[in-house]
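Right, one structure below, let's go through it.
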Amino acid sequence: MYAGKHVLIIFDDLSKQAEAYRAVSLLLRRPPGREAYPGDVFYLHSRLLERCAKLSDALGAGSMTGLPIIETKANDVSAYIPTNVISITDGQIFLQSDLFNANQRPAVDVGISVSRVGGDAQVKSIKKVSGTLKLELAQYRSLEAFAMFASDLDATSRRQLARGARLTELLRQPQYSPYPVEEQVVSIWAGTKGKLDTLEITDVLRFERELIEHLRRNTKILDTLRSTNVLDDATEADLDKEIDKFITSFQGGKGGTKAGSEQFDALPADEVEQAKIVKPRKRK
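Here it is as structure tokens:
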């Protein structure tokens, strides 16, 4: 860091460190506090994490970023050690075991995961689309829990559930497969604008891959987003037109184009078989 380089430290994990420190403190007969942890366990973690900083230019302009890992018991983020570490850091990413077991990878719980840095660390294009995405997913999670006990839902709720399921599928990411920012912007924009609503859920990831390839070969939208990091009205209009054009040619999982996008030619007049139907009049 003092040589002008950027350092990343991953603390894996502070839960086990705190438990070991608690065991040693109890053996030394130190006064226990909440959950039998000693009173200085907060200082134990803060003196580690608060070493992470960004140095000034006079000191070399290096930086140190710390990523502490905490294990939650039964997904309880309000326990003593998790809340201690959350109060020290600039945010948290909460990984939920239920999402992981449902094959949602990465299993990020959008409702609990927050950042105190927020949009200050995001480029303008991703900042513009991420707010809508988080709201859509939060509403989907709450409505999904309600739908488990409700037998009849109105049309608006069904549409919201359908879009949320497709957004969740869209966020699945294979291991060791980073996405460029411009591709993230395009995918999230398409999902939040309802471009995926008529697709089968199993076709979402393939649609995303083929759409990105289509934009890369036939347009300069990705180049514009990469160079400017801005999603302006003109770029949105071009993106909307290109996605609509691509949807008409996309082959769904059953081998046909998306429903409602088929193009038909009229038959020649001599091939049209017509029958004249005469309705008899009633006698007075």
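Numbering of the sequence shown is given in full-length UniProt numbering, commencing with residue 1 and proceeding in unit increments. Glycine included, every Cβ here is placed at the ideal spot set by N, Cα and C.
Query	Result
With a cut-off of 8 Å on the beta carbons, I'd call Val204 and Leu196 a contact; round off their distance for me.	6 Å
Could you work out which residue in Gln122, Ala147, Ala3 is closest to Val181 when comparing CA atoms only?	Gln122
Is Lys193 helix, strand or coil when you go by DSSP?	coil
Does DSSP classify Thr89 as helix, strand or coil?	coil
To which residues does DSSP link Lys108 through a beta bridge?	Checking the sequence shown, residue 108 turns out to be Val, not Lys. Answer is Leu95, bridged to Val108.
From which residue to which residue does the alpha helix (DSSP H) around residue 288 run?	With the chain represented from 1 up to 284, any question about residue 288 goes unanswered, as that position is not in the structure.
List the whole-angstrom C-beta distance separating Leu161 from Glu136, where the pair is believed to meet the contact cut-off of C-beta under 8 Å.	Contact doesn't hold; Cβ gap of about 11 Å is too wide.
DSSP three-state label for Leu167, please.	helix
Using the C-alpha atoms, what's the distance from Ser87 back to Ala79?	12 Å
Using 8 Å as the Cβ pair cut-off and three pairs as the minimum, do the segment 22-34 and the segment 3-14 touch?	no
Would you say Asp238 and Ile221 are within 8 Å of each other, going by their C-beta atoms?	yes
Give me, in chain order, the residues of the same chain whose beta-carbon lies closer than 7 Å to that of Ile126; leave out the 5 immediate sequence neighbours on both sides.	Val181, Gln184, Val185
In the DSSP assignment, find the alpha helix (DSSP H) that holds Phe42 and state where it starts and stops.	41-49
Would a C-beta distance cut-off of 8 Å place Ala74 and Gly111 closer than the cut-off?	no
Going by other Cβ atoms of all chains shown within 10 Å of its Cβ, with 16 needed for buried, is Val230 buried or exposed?	exposed
Starting from the Cα of Arg209, find the closest Cα among Thr192, Thr224, Ser227, Ser177 and give me that residue.	Ser177
Just verifying my parser: in three-state terms, what is the DSSP assignment at Val129?	helix
In whole angstroms, what separates the C-alpha of Ala147 from that of Arg158?	9 Å
Hey, Asp90 and Val117 are a contact pair by Cβ (cut 8 Å); roughly how many whole angstroms apart?	5 Å
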